[in-house]
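Undergrad: Before I ask anything, let me first share the structure, which is written out below as structure tokens.
Number of protein chains: 4
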Amino acid sequence: MTDQSRPGRKRSEQSRQAILVATLELAAEAGYGALTVEGIAARSGVGKQTIYRWWPSKADVLLDALATKADLQVPIPDEGSFRADLALFLDRTYALGTKSQVADTLRALMAQAQIDPEFGKRFREDFLFRRRDALGEIVERARERAELPAGVGPGTVIDVVFGTLWYRLLATREPIGPEMAGELVALLAPTSG
Amino acid sequence: MTDQSRPGRKRSEQSRQAILVATLELAAEAGYGALTVEGIAARSGVGKQTIYRWWPSKADVLLDALATKADLQVPIPDEGSFRADLALFLDRTYALGTKSQVADTLRALMAQAQIDPEFGKRFREDFLFRRRDALGEIVERARERAELPAGVGPGTVIDVVFGTLWYRLLATREPIGPEMAGELVALLAPTSG
Amino acid sequence: MTDQSRPGRKRSEQSRQAILVATLELAAEAGYGALTVEGIAARSGVGKQTIYRWWPSKADVLLDALATKADLQVPIPDEGSFRADLALFLDRTYALGTKSQVADTLRALMAQAQIDPEFGKRFREDFLFRRRDALGEIVERARERAELPAGVGPGTVIDVVFGTLWYRLLATREPIGPEMAGELVALLAPTSG
Amino acid sequence: MTDQSRPGRKRSEQSRQAILVATLELAAEAGYGALTVEGIAARSGVGKQTIYRWWPSKADVLLDALATKADLQVPIPDEGSFRADLALFLDRTYALGTKSQVADTLRALMAQAQIDPEFGKRFREDFLFRRRDALGEIVERARERAELPAGVGPGTVIDVVFGTLWYRLLATREPIGPEMAGELVALLAPTSG
DNA sequence: TATTAAGCGAGACGGTACGTCATGTCTTTAG
DNA sequence: CTAAAGACATGACGTACCGTCTCGCTTAATA
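Protein chains in written order, with full-length UniProt numbering: chain U, 1 to 193; chain C, 1 to 193; chain B, 1 to 193; chain V, 1 to 193.
As structure tokens, this is what we get:
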């Protein structure tokens with residue numbers, strides 16, 4: 001319906017896939033620092049122009065590759081209580097962080113978002129804020145049910161959850177585990193009425 | 001004790017200062033992405049080799065410049081209660097984050113630490129872990145006085161504090177403010193016995 | 001036959017010309033010692049890579065420039081006698097050596113051929129030996145007609161001619177003139193039967 | 001008479017020798033192109049300043065080293081006839097050129113003399129012209145005895161001799177041998193009265 | 001017997017050019 | 001019009017040497 005019939009050759013899905021696969025492989029093999037547009041083009045047997053035509057930067061290619069491969073869309077749980085919802089949310093996130101390739105890629109993207117302001121904007125809007133919104137739904141329900149800790153607003157709860165996750169990813173490089181998830185739940189969703 | 005008197009010309013303190021100043025200026029003016037060793041050398045009137053002789057990478061120069069200029073060593077408060085100590089710690093950190101130049105530099109360093117593993121190791125050991133240790137002392141005293149929230153270990157408290165700070169710096173780009181500091185205190189150091 | 005129609009952009013003849021011109025100008029202005037690839041690139045408005053892509057060293061660029069500009073291919077005379085042929089050959093060579101720019105360039109190339117063995121091989125094969133072959137034809141005809149001095153082989157005659165030319169170019173820096181040419185003819189192609 | 005007695009430490013003959021030896025070794029091992037002042041200093045255990053204090057350039061060091069080691073002063077023969085003198089002169093020169101290290105060094109010096117005009121002047125005056133003068137004596141005696149070929153002046157004879165020697169050294173890289181020496185004698189000092 | 005003036009090894013310094021790499025654009029031929 | 005190929009101008013990289021300049025230390029001649 002969108003571009004139903006334009007003249008000219010169609011975008012090659014084969015090239016697109018080859019680019020995304022090559023990008024993930026190269027990033028995994030030598031790290032994001034060694035990832036180059038030239039390298040991606042060479043590995044995928046594609047012209048550089050084909051990459052520049054469809055993505056604004058190599059970080060966007062990587063983000064696209066990650067999104068295409070790993071399903072980053074953690075579904076929003078609704079278990080009836082904030083405690084259960086948060087536990088499930090953290091558990092699913094934990095599963096993601098376990099795959100070191102996904103973790104490494106997220107690290108690289110967050111890094112690039114700091115260095116390249118244009119990509120930073122896209123990364124925040126297309127990825128970070130969507131994740132915030134997902135958790136936001138859970139927290140909003142908690143707020144309505146008065147399940148949040150006293151004196152702590154919804155925004156802060158979200159910041160604490162994602163902050164802890166990202167900090168462990170970026171700084172200590174020990175992605176969150178079940179114990180840590182348990183402690184976060186204890187902190188943010190205490191049992192007492 | 002180490003190299004008290006070796007033969008040969010001594011390191012030029014003047015060049016060192018010129019390099020650090022030029023580095024901060026360039027990073028502030030055009031952003032870390034535009035910071036180059038050549039640029040630093042040109043601006044500071046120094047040969048490139050002099051930079052490579054003393055620092056392993058431009059990120060190390062920037063870290064050195066930041067450490068030399070802004071006193072990042074937040075002193076460890078001891079006000080008698082975890083609540084007061086944490087509040088003071090956050091307040092002082094808040095003051096730091098307010099200076100946008102410091103915040104921008106920290107963002108760039110954390111980013112570079114993800115992309116360049118060698119620098120990452122140094123950044124963690126020379127900066128991040130020292131900051132952890134500082135807060136660690138406060139939290140340890142709190143643990144001894146049983147002032148920590150139930151079911152939450154000292155390590156987690158530290159992760160939550162720094163995580164929230166860094167997340168706001170990197171992701172939402174709204175460095176912590178007094179309200180947020182208050183909510184963190186409410187969450188981590190509740191008044192009730 | 002070689003690369004009739006490959007995909008990809010064609011080599012820019014404009015860049016090639018600009019490089020050769022800039023090379024000759026720079027060598028003339030400041031001498032071969034001051035000739036640098038960077039300088040050539042800057043003067044000709046070309047990327048360094050474009051130079052490295054097509055020539056192995058700056059000496060090769062200079063040789064190419066010389067060959068393209070000054071027609072070094074002295075035609076082989078055939079006047080019927082060795083005496084006349086040699087006189088004409090020396091006269092034409094004399095004309096070349098008169099242009100100080102050509103003389104300076106030849107000096108530099110011969111020098112570089114000594115210092116850089118790889119270029120030396122190319123210089124000998126692409127330039128020196130071709131010149132030898134040209135004179136070789138003349139001398140061979142002389143040998144057939146028994147016009148060579150007694151007890152002196154063709155190879156030696158060639159060595160003496162080019163040796164004297166080069167020696168005056170390199171050592172005394174007084175390129176050959178008409179009188180010297182006359183004496184060489186008297187020595188190598190005596191009139192008496 | 002010059003600097004009979006000044007205060008201060010005397011020039012270290014040991015360092016001088018070490019420098020000259022290191023220079024010859026390095027030039028022999030990796031070629032003149034790889035010869036550097038830093039390399040000489042490192043190999044000889046000497047400070048760079050000590051080299052710069054006594055020699056204007058590395059080529060001068062090499063020339064000094066060659067002059068100190070190989071006795072380049074070919075004595076002027078006086079055998080009674082030009083034919084015999086020239087034969088002896090060529091024979092002695094041939095002996096020199098046989099040692100490939102000497103030949104390589106001469107090649108490098110002649111090359112450097114083209115590229116570095118200041119050294120070129122010194123090389124010509126201190127080396128090339130002295131050699132010319134030596135042969136000049138022989139030729140002058142021949143001229144007085146009317147032993148030179150008809151129509152060929154003394155200067156040209158010298159140019160032909162050295163020209164041929166140098167050309168074979170630089171261009172064909174086949175230093176003169178006994179047969180070639182014989183042919184040169186036949187050409188320049190014919191037997192006929 | 002000091003003092004003073006060079007020479008010395010070491011090595012840091014401001015420079016310049018090197019040859020390589022990657023960028024993002026442009027041009028050519030093929031589908 | 002898209003694609004692969006590949007040349008192009010640009011600009012930074014990290015390295016190698018250049019020739020100069022301190023350093024702290026000998027080593028002599030002079031006072």
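C-beta atoms are modelled at their ideal positions from N, C-alpha and C, and glycine is treated no differently.
Keep in mind it's a predicted model, so treat the numbers as computed, not measured.
Ignore the nearest five residues each way along the sequence and tell me which others in B/Thr2's own chain have a CB closer than 8 Å to its CB.
TA: Taking the third sequence and counting its residues from 1, one reaches residue 2 of chain B at position 2. Residue confidence for B/Thr2 is low, a pLDDT of 48 falling below 50, so the modelled location carries little weight; the figure read from the coordinates is stated next. For B/Thr2, where only same-chain residues beyond five positions count, there are no Cβ hits under 8 Å.
Undergrad: Among the candidates V/Arg132, V/Pro7, V/Gly31 and V/Thr68, whose CA atom is the shortest distance from the CA of V/Arg16?
TA: By 1-based counting over the fourth sequence, the position of residue 16 of chain V is 16. Comparing Cα positions, the closest option is V/Thr68.
Undergrad: Run through chain U and tell me which residues come within less than 7 Å of C/Gly33, C-beta to C-beta.
TA: Here residue 33 of chain C is taken as the residue at index 33 of the second sequence, counted from 1. By Cβ distance, chain U contributes Ile115 and Asp116.
Undergrad: Near C/Ala18, what residues of its chain come up, given a Cβ to Cβ distance below 8 Å and the 5 sequence neighbours on each side ignored?
TA: Taking the first residue of the second sequence as position 1, residue 18 of chain C is located at position 18. Excluding residues within five positions, the ones whose Cβ falls inside 8 Å are Ser44, Gly45 and Val46.
Undergrad: Between the segment 69-89 of chain U and the segment 47-56 of chain U, do at least 3 Cβ pairs fall closer than 8 Å?
TA: Flag = no, the segment 69-89 of chain U and the segment 47-56 of chain U do not touch.
Undergrad: Please return the same chain residues whose Cβ sits closer than 7 Å to the Cβ of B/Tyr32, not counting the five positions on each side in sequence.
TA: In the third sequence, the residue the question calls residue 32 of chain B occupies position 32. Same-chain partners within the cutoff: Ala108.
Undergrad: Within 8 Å of any Cβ in chain U, is that where the Cβ of C/Tyr167 sits?
TA: Mapped onto the second sequence, residue 167 of chain C falls at position 167. For C/Tyr167, the answer is yes, since a Cβ of chain U falls inside 8 Å of its Cβ.
Undergrad: Under DSSP, the alpha helix (DSSP H) around V/Arg122 begins and ends at which residues?
TA: The count along the fourth sequence starts at 1 and reaches residue 122 of chain V at position 122. Element bounds for V/Arg122: Pro117 to Phe123.
Undergrad: On the criterion of 16 or more Cβ atoms from any shown chain inside 10 Å, does C/Thr98 qualify as buried, or is it exposed?
TA: Here residue 98 of chain C refers to the residue found at position 98 of the second sequence. Counting Cβ neighbours within 10 Å, C/Thr98 comes out exposed, since fewer than 16 surround it.
Undergrad: Taking its Cβ as the centre, do 16 or more other Cβ atoms sit within 10 Å of C/Ile11, making it buried, or is it exposed?
TA: Position 11 of the second sequence holds residue 11 of chain C. Looking at the sequence shown, residue 11 of chain C is not Ile but Arg. Exposed, because fewer than 16 other Cβ atoms sit within 10 Å of the Cβ of C/Arg11.
Undergrad: Tell me, please, whether the CB atom of C/Ala27 is closer than 8 Å to any CB atom in chain U?
TA: Counted from its first residue, the second sequence places residue 27 of chain C at position 27. C/Ala27 does not count as touching chain U.
Undergrad: Mapping the DSSP letters down to three states, classify C/Trp54 as helix, strand or coil.
TA: Looking up residue 54 of chain C in the second sequence gives position 54. Of the three classes helix, strand and coil, the one that applies to C/Trp54 here is helix, per DSSP.
Undergrad: Does the CB of C/Val160 have a neighbour CB from chain U at under 8 Å?
TA: Looking up residue 160 of chain C in the second sequence gives position 160. So yes, C/Val160 belongs to the interface.
Undergrad: Would you kindly work out how many angstroms separate the C-alpha atoms of V/Ala150 and B/Val185, rounded to a whole number?
TA: As a first step, residue 150 of chain V must be located in the fourth sequence, where it is residue number 150. As a first step, residue 185 of chain B must be located in the third sequence, where it is residue number 185. If you take the alpha carbons of V/Ala150 and B/Val185, they lie about 11 Å apart.
Undergrad: Measure from the alpha carbon of B/Glu179 to the alpha carbon of each residue in B/Ala22, B/Gly120 and B/Leu165, then state which is nearest.
TA: As a position in the third sequence, residue 179 of chain B is number 179, starting the count at 1. Looking at the Cα atoms, B/Leu165 is the closest of the given residues.
Undergrad: If contacts are defined as beta-carbon pairs under 8 Å, then V/Arg124 and V/Ala111 qualify, I think. What distance do you get, rounded to the angstrom?
TA: Along the fourth sequence, one-based indexing puts residue 124 of chain V at 124. Along the fourth sequence, one-based indexing puts residue 111 of chain V at 111. Incorrect: roughly 14 Å between the Cβ atoms, too far for contact.
Undergrad: How many angstroms separate the CA atom of C/Thr50 from the CA atom of V/Val61?
TA: Numbered from 1 along the second sequence, position 50 holds the residue referred to as residue 50 of chain C. Numbered from 1 along the fourth sequence, position 61 holds the residue referred to as residue 61 of chain V. When rounded, the distance between both Cα atoms is 29 Å.
Undergrad: Taking Cβ positions only, does U/Ile19 come closer than 8 Å to chain C?
TA: Within the first sequence, numbered from 1, the residue matching residue 19 of chain U stands at position 19. Not closer than 8 Å to any Cβ of chain C, the Cβ of U/Ile19 fails to qualify, so no.
Undergrad: Of the choices V/Phe119, V/Glu140, V/Leu20 and V/Ser5, whose alpha-carbon is the least far from that of V/Ala59?
TA: For the purposes of this step, residue 59 of chain V is identified with residue 59 of the fourth sequence, where counting begins at 1. The option with the nearest alpha carbon to V/Ala59 is V/Phe119.
Undergrad: How about B/Leu128: is its Cβ closer than 7 Å to a heavy atom in the ligand ADP?
TA: In the structure on display, the ligand ADP does not appear, and there are no ligands present to speak of.
Undergrad: Which residue from C/Thr93, C/Leu188 and C/Leu66 puts its Cα closest to that of C/Pro154?
TA: The residue labelled residue 154 of chain C in the question sits at position 154 within the second sequence. Nearest of C/Thr93, C/Leu188 and C/Leu66 to C/Pro154, Cα basis: C/Leu188.
Undergrad: Between C/Ala186 and chain U, is the shortest Cβ-Cβ distance under 8 Å, so that the two count as touching?
TA: Counted from its first residue, the second sequence places residue 186 of chain C at position 186. So, interface residue.
Undergrad: CA-CA distance, V/Thr36 and B/Leu96?
TA: Within the fourth sequence, the letter at position 36 stands for residue 36 of chain V. Within the third sequence, the letter at position 96 stands for residue 96 of chain B. One C-alpha to the other measures close to 36 Å.
Undergrad: Quick one: grab the DSSP three-state call for U/Gly45.
TA: Translated into the one-based positions of the first sequence, residue 45 of chain U becomes position 45. Residue state, collapsed to three classes: coil.
Undergrad: Helix, strand or coil for U/Asp3, going by three-state DSSP, please let me know.
TA: Start at 1 with the first residue of the first sequence, and residue 3 of chain U comes out as number 3. Low confidence applies here, because U/Asp3 scores a pLDDT of 47, under 50, leaving its location unreliable; read the following figure in that light. Reduced to three states, the DSSP call for U/Asp3 is coil.
Undergrad: Helix or strand or just coil, what does DSSP make of U/Ser12?
TA: Here residue 12 of chain U corresponds to residue number 12 of the first sequence, with the count starting at 1. In this structure, U/Ser12 counts as coil in the three-state DSSP scheme.
Undergrad: Please classify C/Pro175 as buried or exposed, where buried requires at least 16 other C-beta atoms within 10 Å of its C-beta.
TA: Sequence index remark: in the second sequence, residue 175 of chain C carries index 175 (1-based). Buried is the call here.
Undergrad: Grouping DSSP H, G and I as helix and E and B as strand, with all else coil, what is C/Ala70?
TA: To locate residue 70 of chain C, count along the second sequence from 1; it is residue 70. Three-state result, C/Ala70: coil.
Undergrad: Below 8 Å, how does it come out for the segment 134-150 of chain C and the segment 134-145 of chain U: are there three or more Cβ pairs, yes or no?
TA: No: fewer than three Cβ pairs fall under 8 Å.
Undergrad: Nearest by alpha-carbon distance to C/Gly8: which of V/Leu148, V/Lys48, V/Gly177 and V/Thr105 is it?
TA: On the second sequence, position 8 is the one that residue 8 of chain C refers to. The option with the nearest alpha carbon to C/Gly8 is V/Lys48.
Undergrad: Taking C-beta pairs closer than 7 Å, name the residues in chain B that V/Thr164 reaches, listed in chain order.
TA: Position 164 of the fourth sequence, counted from the start, is the residue given in the question as residue 164 of chain V. Under the 7 Å cutoff, chain B gives Asp159, Val160 and Gly163.
Undergrad: Quick one: is B/Asp116 buried, meaning 16 or more other Cβ sit within 10 Å of its Cβ, or exposed?
TA: Here residue 116 of chain B is taken as the residue at index 116 of the third sequence, counted from 1. That one is buried.
Undergrad: For the segment 144-174 of chain C, which segments carrying the alpha helix (DSSP H) assignment without a break, of at least 4 residues, lie completely within its bounds, in sequence order?
TA: Correct list: 154-167.
Undergrad: Go ahead and label V/Leu80 buried or exposed: buried means 16 or more other beta carbons lie within 10 angstroms of its beta carbon, across all protein chains shown.
TA: On the fourth sequence, residue 80 of chain V is found 80 positions in, with the first residue counted as 1. Reading the sequence as shown, one finds Gly at residue 80 of chain V and not Leu. It counts as exposed.
Undergrad: Report all residues from its chain with a CB closer than 7 Å to the CB of B/Ala103; omit the five preceding and five following residues, and keep chain order.
TA: Taking the third sequence and counting its residues from 1, the one referred to as residue 103 of chain B is at position 103. Result list for B/Ala103: Gly97, Leu169 and Pro175, in chain order.
Undergrad: Anything in chain U within Cβ reach of C/Gly151, meaning under 9 Å, just list it in chain order.
TA: Along the second sequence, read from residue 1 onward, the residue named residue 151 of chain C stands at position 151. Per Cβ cutoff of 9 Å: Gly182, Glu183, Val185, Ala186, Leu187 and Pro190.
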